[in-house]
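Engineer: Sequence lines, in order, name chains A and B. For the first sequence, the working numbering gives the first residue as 1, with consecutive numbering after it. For the second sequence, the working numbering gives the first residue as 1001, with consecutive numbering after it. Note that the Cβ used here is the ideal one computed from N, Cα and C, for glycine as well.
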Amino acid sequence: MPVPLLVVVLGWLCLGIEAGLRGVLSISVGQMQSAPSLVIPLMVFVCICSPPMQALWTAIGLGVALDLIWQHPTATEPLTIIGPNAVGFFVAAQFILAIRGMVIRRNPLTAAALSFPGAAIVHIVVVAILTIRHVWDPALPWAPTAELGARMLSAVLTIPAGLVVGVLLMPLAPALGMTSGQSRSYATRR
Amino acid sequence: MAAAVGGLVVAALIPTRWMRWVNAVGNRAGMVIAPVKGPVWSLVNWIAPTETPKPEAIRVLEQDRDRWKQLYLHALSDHDDWVRKIEQMYGKGTLYADLPLRQLLRPVVGPSAEAGGQLEIRGGLRDGVALNTVVTTEGVQLVGKVVRVGPRTSYVRLLTDSTAGAIDGRIMTTDKDPGPLCKALYPVGGRMLQGRIRIEGPNPKAPEVGQLVRLVDDRWPRSAQMLVIGAIADPPPRQESTGWYVITVKPTVDLDRLSEVLLRITLPEAEEPLPAPSTDGGKP
């Protein structure tokens, strides 16, 4: 299966499962709810495995998809805001690409460990963008501190989700572009 | 790549009034993931139901009982309303009949907002769903209102969502006796509402945990009056130094975990404007 098609199918499944499980896995934090993400570990996994450009475009695509499916309730009609998650995913992907040389890429625990900083970066960027937006467009009820707190808890909850995604997707790593260290070292010897 | 990211940053910051078209794209995106989201949601509700399933016969009878009770209380509330109107208008008030309704039972696809408080429902414009359609459970528990409608799906804001605003209700001291009116129950998080009431009269009785609170609010359609908002929950009502009681109300079911909801759609013929009340001394 071509890599983009595989990523699209995995993204579609992760988005659907994340949205479907959200009701049962969510924890109330004041007026907010925190829940683990499956899309962020997928992005982390793709960033660990794939070439940089492919990883960045995948991150943007997954972020846009997340922006489209999650609405922001307002006093009138709920809003769909395109961009915050996409930019957050892009920044998080840059971070993962920068440090992936320092981690053991073939270990599923790596996806779990990197899911936390990845999710934290995504949420910080989302909160920052929506806080700036709130300055001139108060249509969206927005409490930055409460949002950030709930989202940081979501980032913590994403760690086990990252482990599950890491274990399940590890067999697909070669299909996503990960080359084994051994074959690469043979290649250099030749 | 840089242009794409720049474009996304700009799109994220553009004010709402210029980006309403994205809502339609969002509706389509919701439909794309619905084939995965819906089954997962149903499976989760089947594996971990929010309440113990009762035998079908008992469930149907209980729902029937609750529905008749709501109709009875609604009729009482209507009667009081009519008396008030007649008094106000010296006998020349407008007395209009109840609006006909169509009830539509639709499955829930899943949540539609990251922070919770909204549900996506399989039923939209093609099924006759309109904005502000009242949504209840299969019984008489109020769920919320439809806030966005797509061709095949619609989105319901739960009454416990932080953006839902205040709602007025009446505490039922017994099954039949309406008690004090509780103005402005506000969502306070944790899927609960909170409000303050003042109990007056010669023999004031404090509200108790477990008493039902029913909708009595002019901002909601007449057909929705006397539906159940919830029951008084812990912490028990406490009296402030000013004599007001603070009550916490929790819906009788977990609104975030519903698998089916009932849409109470007002029929189009009922929406025709009514003739203005006569002001010429009773001439037709």
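For chain A, check one thing: does any of its Cβ atoms lie closer than 8 Å to the Cβ of S1154(B)?
Structural biologist: By this cut-off, S1154(B) is not an interface position.
Engineer: Verify the CB distance criterion: does S50(A) have a CB-CB separation below 8 Å to chain B?
Structural biologist: no
Engineer: For F90(A), return the contacting residues in chain B, with the cut-off set at a CB-CB distance below 8 Å.
Structural biologist: Result: V1005 and L1008.
Engineer: Put P84(A) into one of helix, strand or coil per three-state DSSP.
Structural biologist: P84(A): helix per DSSP, three-state reduction.
Engineer: For a contact defined as C-beta to C-beta under 7 Å, what are the partners of W1046(B) on chain A?
Structural biologist: Per Cβ cutoff of 7 Å: no residues; W1046(B) is ~11 Å from chain A at best.
Engineer: Excluding sequence positions up to five away, which residues of its chain have a Cβ less than 7 Å from the Cβ of S1077(B)?
Structural biologist: Counting only Cβ-Cβ distances below 7 Å, and skipping sequence neighbours, we find V1216, Q1225 and M1226.
Engineer: Counting contacts by CB-CB distance shorter than 8 Å, is G20(A) in contact with chain B?
Structural biologist: For G20(A), the answer is yes, since a Cβ of chain B falls inside 8 Å of its Cβ.
Engineer: Is there a Cβ from chain A that is less than 8 Å from the Cβ of Q1118(B)?
Structural biologist: yes
Engineer: Can you tell me whether E1240(B) is buried or exposed, with buried defined as 16 or more other CB within 10 angstroms of its CB?
Structural biologist: exposed
Engineer: Which residues in chain A have a C-beta closer than 8 Å to the C-beta of L1013(B)? List them in chain order.
Structural biologist: G83, I129, I132 and R133
Engineer: Use the C-beta contact count for N1023(B): other C-beta atoms within 10 angstroms, 16 or more gives buried, fewer gives exposed.
Structural biologist: buried
Engineer: Quick one: list the residues of chain B neighbouring Q33(A), beta-carbon separation under 7 Å, in chain order.
Structural biologist: A1115 and G1116
Engineer: Would you please verify whether the beta carbon of S115(A) is less than 8 Å from any beta carbon of chain B?
Structural biologist: no
Engineer: If we cut at 8 Å on Cβ distances, does T1133(B) have a partner in chain A?
Structural biologist: So no, T1133(B) is outside the interface.
Engineer: Give a single yes or no on whether V46(A) has its beta carbon closer than 7 Å to a heavy atom of the ligand PLP.
Structural biologist: As for the ligand PLP, it is missing from this structure, which has no ligand bound.
Engineer: Inspect the CB distances between the region 1033-1045 of chain B and the region 4-23 of chain A and report whether three or more fall short of 8 Å.
Structural biologist: yes
Engineer: At which residues does the alpha helix (DSSP H) containing W1041(B) begin and terminate?
Structural biologist: W1021 to I1047
Engineer: Looking at chain A, which residues of the region 1021-1043 of chain B have a Cβ within less than 9 Å of any of its Cβ atoms?
Structural biologist: Shown in chain order are the members of the region 1021-1043 of chain B whose Cβ falls below 9 Å from a Cβ of chain A: V1022, N1023, A1024, V1025, G1026, N1027, R1028, A1029, G1030, V1032, I1033, A1034, P1035, V1036, K1037, G1038, P1039, V1040, W1041, S1042 and L1043.
Engineer: Roughly how many whole angstroms lie between the Cα atoms of R1196(B) and L1125(B)?
Structural biologist: 38 Å
Engineer: From K1085(B) to Y1155(B), what distance separates their C-alpha atoms?
Structural biologist: 35 Å
Engineer: Interface residues of chain A around G1110(B) at Cβ under 8 Å?
Structural biologist: A19, G20, R22 and G23
Engineer: Buried or exposed: which applies to I1265(B), given that a residue is buried once 16 or more other Cβ atoms fall within 10 Å of its Cβ?
Structural biologist: Counting C-beta atoms within 10 angstroms of its own C-beta, I1265(B) has 16 or more neighbours from the protein chains shown and is therefore classed as buried.
Engineer: Return the chain-ordered ranges of every alpha helix (DSSP H) run that is complete within the region 31-70 of chain A and spans a minimum of 4 residues.
Structural biologist: Here the runs fully enclosed are 39-49 and 52-69.
Engineer: How many angstroms separate the CA atom of K1092(B) from the CA atom of R1222(B)?
Structural biologist: Residue placement at K1092(B) cannot be trusted, given a pLDDT of 42 that sits under 50; what the coordinates show is reported in the next sentence. Taking the straight line from one Cα to the other gives about 20 Å.
Engineer: Under 8 Å, do I60(A) and G88(A) count as touching if we go by C-beta distance?
Structural biologist: In this structure, G88(A) does not lie closer than 8 Å to I60(A) by Cβ.
Engineer: Along the region 40-72 of chain A, what residues have a CB closer than 9 Å to any CB found in chain B?
Structural biologist: M53, L56, W57, I60, G63, V64, A65, L66, D67, L68, I69, W70, Q71 and H72
Engineer: Kindly say whether T74(A), judged by its beta-carbon, lies nearer than 8 Å to any beta-carbon of chain B.
Structural biologist: yes
Engineer: Can you list, in chain order, the residues of its chain whose CB lies under 8 Å from that of V1188(B), leaving out five sequence neighbours each side?
Structural biologist: Q1194 and T1248
Engineer: Over the uninterrupted alpha helix (DSSP H) stretch that includes M1172(B), give me the two end residues.
Structural biologist: Note, M1172(B): premise wrong, no alpha helix (DSSP H); beta strand (DSSP E) at I1167 to M1172.
Engineer: May I ask you to verify whether the region 1123-1142 of chain B touches the region 18-35 of chain A, counting CB pairs closer than 8 Å and requiring at least 3?
Structural biologist: no
Engineer: For the pair the region 1101-1121 of chain B and the region 1227-1235 of chain B, tell me if three or more CB-CB distances fall below 8 Å.
Structural biologist: no
Engineer: Under 8 Å by Cβ, that's how I've got R133(A) and L1008(B) pegged, so tell me the actual separation to the nearest angstrom.
Structural biologist: At roughly 13 Å, the Cβ-Cβ gap does not stay under 8 Å, so R133(A) and L1008(B) are not in contact.
Engineer: Grab me the residues of G177(A)'s own chain with a C-beta within less than 7 Å of its C-beta, minus the 5 sequence neighbours each way, in chain order.
Structural biologist: Taking G177(A) as the centre and dropping the five residues before and after it, the same chain places the C-beta of V3, C49, S50, P51 and Q54 closer than 7 Å to its C-beta, in chain order.
Engineer: From the DSSP output, which residues share a beta bridge with M1192(B)?
Structural biologist: For M1192(B), which the question treats as bridged, DSSP gives the partners G1189(B).
Engineer: Residues of chain A with CB closer than 8 Å to the CB of T1163(B), please, in chain order.
Structural biologist: P73, T74, A75 and P141
Engineer: Where does R190(A) land, buried or exposed, given buried means 16+ other C-beta within 10 angstroms?
Structural biologist: Note that R190(A) scores a pLDDT of 42, beneath 50, so its modelled location is shaky; the value from the coordinates is reported in the next line. Flag for R190(A) reads exposed.
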